[in-house]
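A.B. asks: Residue numbers (this note's numbering), protein chains in the order written: chain A, 4 to 415; chain B, 4 to 415.
The beta-carbon is built from N, C-alpha and C at its ideal position, and this holds for glycine as well.
Since the model is a prediction, treat every value here as computed from it, not as a measurement.
Protein chains: 2
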Amino acid sequence: MRQSTLFGKTKRENPRDEESQNAILLIRAGFIDKLGAGIYSFLPLGLLVLRKIENIVREEIKAIGGQEILMPALHPKENWEKTNRWAHFDALFKLKGYGEKDYALGATHEEIVSPLATKFVFSYKDLPFYLFQIQTKFRNEPRAKSGLLRCREFLMKDLYSFHTDNADLDNYYEKVIIAYKNIFKKCGLEKNTYLTLASGGSFSKYSHEFQTISQAGEDTIYICQKCHLAINKEIKEENPFCPQCQGKDFKETSAIEVGNIFKLGTKYSAPFDLKYKDEKGEEKTVIMGCYGLGPTRLIGAVAEIFHDDRGLIWPENIAPFKYHLLVLGENEKIQKEADKFYEKMIALGQKVLYDDRKISIGEKFADADLIGLPYRLVISEKTLQQKSLEIKKRHEQKTELIKLNRAINKLK
Amino acid sequence: MRQSTLFGKTKRENPRDEESQNAILLIRAGFIDKLGAGIYSFLPLGLLVLRKIENIVREEIKAIGGQEILMPALHPKENWEKTNRWAHFDALFKLKGYGEKDYALGATHEEIVSPLATKFVFSYKDLPFYLFQIQTKFRNEPRAKSGLLRCREFLMKDLYSFHTDNADLDNYYEKVIIAYKNIFKKCGLEKNTYLTLASGGSFSKYSHEFQTISQAGEDTIYICQKCHLAINKEIKEENPFCPQCQGKDFKETSAIEVGNIFKLGTKYSAPFDLKYKDEKGEEKTVIMGCYGLGPTRLIGAVAEIFHDDRGLIWPENIAPFKYHLLVLGENEKIQKEADKFYEKMIALGQKVLYDDRKISIGEKFADADLIGLPYRLVISEKTLQQKSLEIKKRHEQKTELIKLNRAINKLK
């Protein structure tokens, strides 16, 4: 894309109403815009990142049998009353519609997916199955000062699994752990993200959170210095010893909860009478699991971790474009060469942001660093004298010249 | 996809709480599920259709320069007060958040996109540009009895254009008309859809609606029998003569409004002080246009128009799968041949729903008609005796045998 036509200019100044590093960088670089506390628009660059993360998530969840659906955000009050969460779910937005009808704005979808399943589950032969959606959630957060890490409106991938028995749920739960690890790896967060023990509610001893270590994180986790197990605050407070090796030396650190997985048992199937007939014709309640992951929060986590004082540094898999091509100098011949090279790259299906703007060299370099695409390509009078372009990785200092006639093949 | 694993079984009975043909058919065929009046979930088959329509819309809007963004659904009250629509917009859902903050649920996005644009528009050099999103809208509809034709929660493509002057807006407006025509053509609605004159508000004499003729439509349009111009009820009531040829013989018909386009002028730029400096350095107010199109409503319109008494009949471009492969008979050899054929099709990237279920032949045929994929392929003992499969188009009666060893090539 030609940067001269891109909507969402970079800003030299930090926004005045943001404290969090991720929001400051993403706003300055033109990825997002703030509408209100915890409420952001995604501009073209930001939406490209979001779609890439969505596709990574979709691919991995489909690979473990997930079928994609799309459930509504407007939830009838009755559904939330059945599980006793109308009164007790923190941060549920509530509103009235025509005829004084009460709705909740979907903060999660157990109250919708369970009654949906009742319409299609009759026999053990209908189980197991796995439904997921990538959908907008709403939470009436009292504090929303962490940019994309805690929003009042955000995107979530929520997956729900339905089983005849606990063994089948346990088996699928392990598959989800692997899928989540693949997702975080593809998003560049592999090294920083810990599978963390959390309490399991009434049905299971433990659930798990995926916690990405970051000073910006609102959670605290404890890493056992003996066996490297991570546990969350609740678990730590219940038991001063490591649940795995009984060690008592922990490293405390801030972390961002980027995912959580939970064995629900019959907690949300029982209230909706979600039952099946087993092989003997006996009625039994369906066993469920739920698995959350926030694509918008993930962008915030990536921005917190991958940046320097000049701007963002996108992992290649989720960068809005792979290459940032800069043409330096207003000489018509240079422009023409750069145009030609850009058109060739595009014709080959390469993802290139082309800075064709009539602005100073310094501004172009500053913007390239701020936006943070993986590879910066420069075509200038100097590089053309050697029939070359200059290539530099965003997170490295060294530059390299590549002959123009070889560059197309080399950059594949 | 193997139908034995597909979530969303077909239903033999009509749902009891639906009056509209589109909802009845789409629910029975397993495309959607009703959560409440005007609120539906999209099941796997329905979501596949929705994504295809979204991609058609995206492609056409990008082709006329649209840049995709994603704006929030939670709108601060202040934005809607600036345009005086907090009090006067029909069907605006309102709610309170933490700290007694008032929000509207986005019913349209002029109140969001205009202040967003102020952050990036300074000079005439920043214009024109075109922003669109495919996003969930909410409207507190008093009547929501027409299935996907009038929802309280629905998907909308909303495009906004920003110009220095009216001539530029007029020029872009004509481009949008062509893009919309392309979209409706690709969705199979070309013949039934009329570009219809509607009133233009204070800024322009006319706006336009795209109206698809259907008995299920909630609108009424009038087609001039002399020049074939279509006009809506408002225009007809203002003037008994055709605005184009002065004819007075009209055909009255029900229609579904599948799109509308509007020259806004400065109606939403002025309240937000959306200005630019022209070439002389003078401040001027930006001229805007807005262009709506509802992908979920489009599904409803297609279902209303393309069905018979046995079920849906999807236009090929937006069908969830192109082929419905049925294996008939439980003989292991037949099953094996069908499996083999299915695997080959999938390996070639073909979109096939494979009815591998152990149910009666009658049920399989009935489901194929109800779901309504463009081509039904049958492999049975009878077809295998001739080393063939049987192919039939959903909307035709005649069947044809194709030799299995040629079918893969022929079905490309």
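Let me see if you follow: with CB-CB separation under 7 Å, is phenylalanine 132 of chain A close to chain B or not?
C.D. replies: With 7 Å as the cut-off, phenylalanine 132 of chain A counts as an interface residue toward chain B.
A.B. asks: In angstroms with no decimal places, state the Cα-to-Cα distance between asparagine 235 of chain B and aspartate 93 of chain B.
C.D. replies: Roughly 20 Å separates the two Cα atoms.
A.B. asks: Less than 7 Å separating the beta-carbons of glycine 292 of chain A and tyrosine 176 of chain A?
C.D. replies: yes
A.B. asks: Hey, phenylalanine 309 of chain A and proline 318 of chain A are a contact pair by Cβ (cut 8 Å); roughly how many whole angstroms apart?
C.D. replies: 6 Å
A.B. asks: Could you tell me the alpha carbon to alpha carbon distance between threonine 215 of chain A and leucine 73 of chain B, rounded to whole angstroms?
C.D. replies: 26 Å
A.B. asks: Where do the N-terminal and C-terminal ends of the beta strand (DSSP E) with serine 202 of chain A fall, by residue?
C.D. replies: 196-202
A.B. asks: Does DSSP put glycine 292 of chain A in a helix, in a strand, or in coil?
C.D. replies: Under the three-state reduction of DSSP output, glycine 292 of chain A falls in the strand class.
A.B. asks: DSSP three-state call for alanine 304 of chain A: helix, strand or coil?
C.D. replies: helix
A.B. asks: Please confirm whether arginine 45 of chain B has its beta-carbon closer than 7 Å to some beta-carbon of chain A.
C.D. replies: In the sequence on display, residue 45 of chain B carries phenylalanine and not arginine. With 7 Å as the cut-off, phenylalanine 45 of chain B counts as an interface residue toward chain A.
A.B. asks: In this structure, does DSSP put lysine 343 of chain A in helix, strand or coil?
C.D. replies: helix
A.B. asks: Which residue comes first and which comes last in the alpha helix (DSSP H) that contains serine 126 of chain B?
C.D. replies: Looking at the DSSP string, serine 126 of chain B is not in any alpha helix (DSSP H), and its letter there is neither H nor E.
A.B. asks: Can you tell me where the beta strand (DSSP E) with asparagine 263 of chain B in it begins and where it stops?
C.D. replies: 253-268
A.B. asks: Check the Cβ of alanine 76 of chain A against every Cβ in chain B and list those closer than 7 Å, keeping chain order.
C.D. replies: Near alanine 76 of chain A (Cβ distances below 7 Å), the residues of chain B are Thr139, Glu156.
A.B. asks: Using a Cβ-Cβ cut-off of 6 Å (strictly less than) and excluding sequence neighbours within five positions of isoleucine 226 of chain A, which residues of its own chain qualify?
C.D. replies: Ala233, Lys254
A.B. asks: For the region 96-110 of chain B, which residues have a beta carbon sitting closer than 9 Å to at least one beta carbon of chain A?
C.D. replies: Phe96, Lys97, Leu98, Lys99, Gly100, Tyr101, Gly102, Lys104, Tyr106, Leu108
A.B. asks: Label aspartate 312 of chain B either buried or exposed according to how many other C-beta atoms from any shown protein chain fall within 10 Å of its C-beta, with 16 as the threshold for buried.
C.D. replies: exposed
A.B. asks: Quick check on alanine 273 of chain B: does DSSP put it in helix, strand or coil?
C.D. replies: Three-state result, alanine 273 of chain B: helix.
A.B. asks: Starting from glutamine 353 of chain A, trace the beta strand (DSSP E) both ways and give me its first and last residue.
C.D. replies: No beta strand (DSSP E) contains glutamine 353 of chain A, which DSSP labels as neither H nor E.
A.B. asks: Are the C-beta of proline 145 of chain B and some C-beta of chain A separated by less than 7 Å?
C.D. replies: Closer than 7 Å: yes.
A.B. asks: For a test of the three-state rule: what should DSSP assign to lysine 229 of chain A, helix, strand or coil?
C.D. replies: coil
A.B. asks: Check each residue of the region 17-48 of chain A: if its Cβ is closer than 8 Å to any Cβ of chain B, include it; give the result in chain order.
C.D. replies: Shown in chain order are the members of the region 17-48 of chain A whose Cβ falls below 8 Å from a Cβ of chain B: Asp36, Leu38, Gly39, Ile42, Tyr43, Ser44, Phe45, Leu46, Pro47.
A.B. asks: Just the Cα atoms here: how many angstroms apart are lysine 270 of chain B and proline 145 of chain B?
C.D. replies: Whole-angstrom Cα-Cα distance: 27 Å.
A.B. asks: Going by DSSP, name the residue or residues bridged to asparagine 174 of chain A.
C.D. replies: Paired residues: none, contrary to the question.
A.B. asks: Should lysine 339 of chain B be labelled buried (16 or more other beta-carbon atoms within 10 Å of its own) or exposed?
C.D. replies: exposed
A.B. asks: Measure the CB-CB distance between glutamine 6 of chain B and leucine 356 of chain B and report whether it falls below 7 Å.
C.D. replies: yes
A.B. asks: Mind listing which residues of the region 108-127 of chain B have their C-beta closer than 7 Å to chain A's C-betas, in chain order?
C.D. replies: Ile115, Leu119, Lys122, Phe123
A.B. asks: Starting from proline 47 of chain A, follow the alpha helix (DSSP H) in both directions and report where the run begins and ends.
C.D. replies: 47-66
A.B. asks: So is lysine 12 of chain A in contact with chain B if we call contact Cβ pairs under 7 Å?
C.D. replies: Closer than 7 Å to some Cβ of chain B, the Cβ of lysine 12 of chain A qualifies, so yes.
A.B. asks: Could you give the residue range of the beta strand (DSSP E) that holds histidine 166 of chain A?
C.D. replies: 156-166
A.B. asks: Spatial neighbours of threonine 121 of chain B within its chain, please: CB distance less than 7 Å, with the 5 preceding and 5 following residues excluded, ordered by chain position.
C.D. replies: Phe275, Asp276, Leu277
A.B. asks: State the DSSP-derived secondary structure class of asparagine 169 of chain A, mapped to helix, strand or coil.
C.D. replies: helix
A.B. asks: Which two residues bound the contiguous alpha helix (DSSP H) that contains arginine 379 of chain B?
C.D. replies: Run containing arginine 379 of chain B: none in the alpha helix (DSSP H); it sits in the beta strand (DSSP E), 378-382.
A.B. asks: What in chain B is Cβ-close to proline 79 of chain A, meaning under 9 Å?
C.D. replies: Leu38, Gly39, Ile42
A.B. asks: Using a Cβ-Cβ distance cut-off of 7 Å, determine whether glutamate 71 of chain A contacts chain B.
C.D. replies: yes
A.B. asks: Taking just the CA atoms, how far does glutamate 286 of chain B sit from tyrosine 1 of chain A?
C.D. replies: With chain A covering 4 to 415 only, the question about residue 1 of chain A has no answer from this structure.
A.B. asks: Three or more beta-carbon pairs under 8 Å between the region 43-59 of chain A and the region 167-174 of chain B, yes or no?
C.D. replies: no
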